[in-house]
Amino acid sequence: MSQYQAFNVELADNIAHVQINRPEKINSMNAAFWSEIIEIFQWIDDTDEARVVVLSGAGKHFSSGIDLMMLAGVANELGKDVGRNARLLRRKILQLQASFNAVDNCRKPVLAAIQGYCLGGAIDLIAACDMRYAAEDAQFSIKEIDIGMAADVGTLQRLPRIIGDGMLRELAYTGRTFGAEEARSIGLVNRVYSDAASLLDGVMGIAREIAAKSPIAVTGTKEMISYMRDHRIDDGLEYVATWNAAMLQSTDLRVAMAAHMSKQKPEFLD
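Dropping the structure here:
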């Protein structure tokens, strides 16, 4: 693993812990963040030993969102021609989207552990994760509306499938701050923990449970769930039949069945 400017990355017990590491800047997302997250999740995707990912933030807060100095830098690149400005901005936006697409497209489950601020671009990030968990002090806000723009890195596209259309509209139109219990009640987070320490302990426990399962089965399950976001039921049934025609021949199936029958814990290859 390489050294990163915006992240700490550790791999232990088949769990890749990816921690945003700019606590002095409230873990705001600078230029290094956006490029490094693609590299990190590509490495995770390519590393069989990594079976599940925990995404967290160092310090008191998960992330305050995009670094405003980075936005100012983009503004300084604009010139007088509207067409060329539009082309530049579109390219920049697509580049930012690719960073969180890397999280969404990762073959391994990604669990977000959220404490303190989770604002603006941080909502885009957690929307790309498989599951989200929060400490009681977590504060969420789709802040883009308050700086005069529509969120453009995934919140408006992914959250309707997570919290529903009407609730997303309320939060996106108002930009209001809401806490961990409301986040749980609307389905944004799965569970709330009393503090940051118990949050990370709890999420790591769930990650260990997932990591102990067949990686072939976990990958196939994630692939099928993701596929169904954009397809009909009959499409999904056809796809899983084709997928399992190959995957059911894995030795993992025999290992799992033998362990179940002998009441022992199975051990799967990476």
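Residue 688 in my numbering is what sits at position 196 of the sequence shown, and the numbering runs on without skipping anything. Just so you know, even glycine gets a beta-carbon here, dropped at the ideal spot from N, CA and C.
Could you pull out every residue in the same chain whose Cβ sits closer than 6 angstroms to the Cβ of residue 651, ignoring the five residues on either side in sequence? As a first step, residue 651 must be located in the sequence shown, where it is residue number 159. If we look at residue 651 and ignore the five residues flanking it on each side, its Cβ neighbours are 619 and 660.
Check whether the Cβ atoms of residue 634 and residue 615 sit closer than 8 angstroms, and answer yes or no. Walking along the sequence shown from the start, residue 634 turns up at place 142. Walking along the sequence shown from the start, residue 615 turns up at place 123. Their beta carbons are under 8 angstroms apart, which means residue 634 touches residue 615 by this criterion.
My assumption, with CB atoms under 8 angstroms, is that residue 528 sits in contact with residue 499. Please give the rounded CB distance. Counting from 1 along the sequence shown, the entry for residue 528 is found at position 36. Counting from 1 along the sequence shown, the entry for residue 499 is found at position 7. So it is a contact: roughly 6 angstroms between Cβ atoms.
Cut-off 7 angstroms between Cβ atoms - residues of its own chain near residue 719, not counting five sequence neighbours on either side: As a working note, residue 719 is residue 227 in the sequence shown. Counting only Cβ-Cβ distances below 7 angstroms, and skipping sequence neighbours, we find 728 and 731.
Taking the continuous alpha helix (DSSP H) assigned at residue 759, which residues delimit it? Residue mapping note: residue 759 aligns to position 267 of the sequence shown, counting from 1. Residue 759 -> no alpha helix (DSSP H), and no H or E assigned at all.
Where residue 774 sits in the DSSP three-state scheme: For residue 774 there is no data in the structure shown, the boundaries of the chain being 493 and 762.
CA nearest to the CA of residue 550, picked from 759, 662 and 514: Reading the sequence shown from its first residue, position 58 is the one you call residue 550. Ranking 759, 662 and 514 by Cα distance to residue 550 puts 514 first.
For the segment 494–553, list the alpha helix (DSSP H) runs that are entirely contained and at least 4 residues long, ordered along the chain. 523–538
Which residues in the same chain have their Cβ closer than 7 angstroms to the Cβ of residue 692, if we skip the five residues on either side of it in sequence? Counted from its first residue, the sequence shown places residue 692 at position 200. So the qualifying residues of the chain are 548 and 605.
Would the segment 711–718 count as touching the segment 588–606 if we require 3 or more Cβ pairs under 8 angstroms? Result yes; three or more Cβ-Cβ pairs closer than 8 angstroms.
Throw me the rounded Cβ distance for the residue 646 and residue 589 pair, which I believe falls under 8 angstroms. On the sequence shown, position 154 is the one that residue 646 refers to. On the sequence shown, position 97 is the one that residue 589 refers to. That pair is a contact at about 7 angstroms.
Helix, strand or coil: which one does DSSP assign to residue 769? The question about residue 769 has no answer, for the chain in this structure spans 493 to 762.
At 3 residues or longer, and completely inside the segment 570–650: list those beta strand (DSSP E) runs for me, N to C. 602–606, 609–611, 623–627 and 631–633
Residue 683 - partner residues in DSSP beta bridges: For the purposes of this step, residue 683 is identified with residue 191 of the sequence shown, where counting begins at 1. Partner(s): 625.
Quick one: give me the first and last residue of the alpha helix (DSSP H) that residue 753 is part of. Residue numbering aside, residue 753 sits at position 261 when the sequence shown is read from its first letter. Unbroken alpha helix (DSSP H) run through residue 753: 743–754.
Residue 535 versus 637, 565, 674 and 597, residue with shortest Cα-Cα distance: As a first step, residue 535 is located in the sequence shown; it is residue number 43 there, counting from the start. When only C-alpha atoms are compared, the closest one is 597.
In three-state DSSP terms, what is residue 556? Translated into positions along the sequence shown, residue 556 becomes position 64. Of the three classes helix, strand and coil, the one that applies to residue 556 here is coil, per DSSP.
Name, in chain order, the residues that DSSP records as bridge partners for residue 671. Stepping through the sequence shown from its first residue, residue 671 is reached at position 179. 631.
Roughly how many angstroms lie between the CA atoms of residue 613 and residue 666, to the nearest whole one? Here the question's residue 613 lines up with position 121 in the sequence shown. Here the question's residue 666 lines up with position 174 in the sequence shown. Residue 613 and residue 666: Cα-Cα distance of roughly 16 angstroms.
Taking the beta carbon of residue 571 as the centre, do at least 16 other beta carbons fall within 10 Å, making it buried, or is it exposed? Position 79 of the sequence shown holds residue 571. It is exposed - the Cβ of residue 571 has fewer than 16 other Cβ atoms within 10 Å.
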